[in-house]
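**Q**
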Amino acid sequence: MQLSLNGQVALITGASSGIGYGCAGTLAAAGAAVAINYNRNAEPAVQLAQQITANGGQAIALAGDVSQESDVERLFQQTVDRFGGLDILVANSGLQRDAAIAEMTLEQWNTVIDVNLTGQFLCARAAVRQFRQQGERPSAGRARGKIIHMSSVHQLIPWAGHVNYAASKGGIDLLMRSLAQEIGEERIRVNAVAPGAIATAINVDATQGDAAKALLKLIPYGRIGEPQDIANAVLWLASDLSDYVHGTTLFVDGGMTLYPEFRGNG
Ligand code: NAD
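Numbers 1228 to 1493, taken from our numbering, label the letters of the sequence shown in order.
#1: In angstroms with no decimal places, state the Cα-to-Cα distance between leucine 1333 and isoleucine 1415.
#2: Taking all protein chains shown into account, do 16 or more other C-beta atoms lie within 10 angstroms of the C-beta of threonine 1306, making it buried, or fewer, making it exposed?
#3: Under a three-way DSSP split, which group does asparagine 1233 fall into?
#4: Let me check one thing: in DSSP terms, what residues is lysine 1444 bridge-paired to?
#5: For valine 1293, does the three-state DSSP call read helix, strand or coil?
#6: Could you spell out the range, first to last residue, of the alpha helix (DSSP H) harbouring threonine 1253?
#7: Can you grab the Cα-Cα spacing for the pair arginine 1351 / alanine 1318, in whole Å?
#8: Determine the contact status of alanine 1290 and isoleucine 1263, defining contact as a CB-CB distance below 7 angstroms.
#9: When the Cα of valine 1293 is compared with those of Val1261, Ile1340 and Tyr1248, which residue comes out closest?
#10: Could you tell me which of His1389, Phe1303 and Ala1370 sits nearest to glutamine 1510, measuring between CA atoms?
#11: Counting pairs of beta carbons, one from the stretch 1407 to 1426 and one from the stretch 1357 to 1373, are three or more of them closer than 8 angstroms?
#12: Give a single yes or no on whether isoleucine 1263 has its beta carbon closer than 6 angstroms to a heavy atom of the ligand NAD.
#13: Determine whether the beta carbon atoms of valine 1261 and alanine 1237 lie at a separation below 7 angstroms.
#14: Between the Cα of cysteine 1250 and those of Arg1490, Asp1467, Glu1453 and Thr1484, spot the shortest distance and give me the residue it belongs to.
#15: Assign serine 1466 to buried or exposed, taking buried as 16 or more other Cβ atoms, counted over all protein chains shown, within 10 Å of its Cβ.
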């Protein structure tokens, strides 16, 4: 049983809050040295890095906007300079700019596509280049490198009022599977996690009070998810326990994709 990530290096984007923050702490607890990327909110990332280091781990907080090619290149270079290589990418950064179609501005559309889809392309490309360049790393586990994309149930469930977000996550599905098909032979494993409703800053209005009660109707398992639910899945996908899992999206959604409105006999 190999769940340990001892000796491995992980870069997690968008890790100053929510799911990314949870993933960084969890991968560090499993033994990985972690590069904790933040965009604007440095403090939580810096504090998490200090906490991990104080507990005997290795961590660094790194600024960078994943939608900017030069930022992404620098982010990967700083990670490799600090830790000597890279074994795991968690491409997690994401945001929403919600609007009905007639009111959606081009800027709202572009911002979501730039961060959620282009950002994951730039990070995946940088990871593949690094995995190739560094060759075999004895500490890396069975795969030569692992890429985990953060998708959403909305890669599958259409979402009125959020066409930009749903399109970006639908794009992640084929980005991830095409990439997995392209580079699997090199023993680079590529997968995605599709969270359902997880209580974080991105959906604070939907996961509290009366809105939370309405949301629960969409979740057969009967609770709203926590960042740790996603971090546990990411840890498994990063570890050798999932070594034969490649090109798959793991839905971690309490059953949200089970058409819950048909529970009462349709
Ligand atoms: P969050 O808002 O707490 O985290 C998103 C992170 O992305 C933030 O830390 C933010 O700073 C970062 N980010 C935004 N723009 C960036 C940029 N240009 N460069 C670098 N980082 C940037 O929300 P979260 O729920 O933790 O979201 C994490 C991921 O999970 C996103 O991809 C989101 O789409 C996905 N997701 C979340 C849910 C949910 O219910 N919370 C459901 C499905 C998918």
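We put the beta carbon where it would ideally sit given N, CA and C, even for glycine. Since the structure is predicted, the reported quantities are computational estimates derived from the model, not experimental observations.
**A** Let's see:
#1: To locate residue 1333, count along the sequence shown from 1; it is residue 106. To locate residue 1415, count along the sequence shown from 1; it is residue 188. Distance between the alpha carbons of leucine 1333 and isoleucine 1415 is about 36 angstroms.
#2: By 1-based counting over the sequence shown, the position of residue 1306 is 79. So threonine 1306 ends up on the buried side.
#3: Residue mapping note: residue 1233 aligns to position 6 of the sequence shown, counting from 1. Coil at asparagine 1233, not helix or strand.
#4: Against the sequence shown, residue 1444 aligns to sequence position 217. Bridge partners of lysine 1444: none, in fact.
#5: Working through the sequence shown from its first residue, we reach residue 1293 at position 66. Reduced to three states, the DSSP call for valine 1293 is coil.
#6: Here residue 1253 corresponds to residue number 26 of the sequence shown, with the count starting at 1. From DSSP, the alpha helix (DSSP H) with threonine 1253 extends over 1245 to 1256.
#7: Position 124 of the sequence shown, counted from the first residue, corresponds to residue 1351. Position 91 of the sequence shown, counted from the first residue, corresponds to residue 1318. Correcting the residue type first, residue 1351 is alanine in the shown sequence and not arginine. Near 7 angstroms, if we compare the C-alpha coordinates of alanine 1318 and alanine 1351.
#8: On the sequence shown, position 63 is the one that residue 1290 refers to. On the sequence shown, position 36 is the one that residue 1263 refers to. Their beta carbons are not under 7 angstroms apart, which means alanine 1290 does not touch isoleucine 1263 by this criterion.
#9: The residue labelled residue 1293 in the question sits at position 66 within the sequence shown. Among Val1261, Ile1340 and Tyr1248, the Cα nearest to that of valine 1293 is on Ile1340.
#10: This structure does not reach residue 1510, given that the chain is present from 1228 up to 1493, and the question cannot be answered.
#11: yes
#12: Looking up residue 1263 in the sequence shown gives position 36. Answer for isoleucine 1263: no, Cβ out of range of the ligand NAD.
#13: Your numbering for residue 1261 matches position 34 in the sequence shown. Your numbering for residue 1237 matches position 10 in the sequence shown. Yes, they are a contact pair.
#14: Against the sequence shown, residue 1250 aligns to sequence position 23. The shortest C-alpha separation from cysteine 1250 is found at Glu1453.
#15: Position 239 of the sequence shown, counted from the start, is the residue given in the question as residue 1466. Label assigned to serine 1466: buried.
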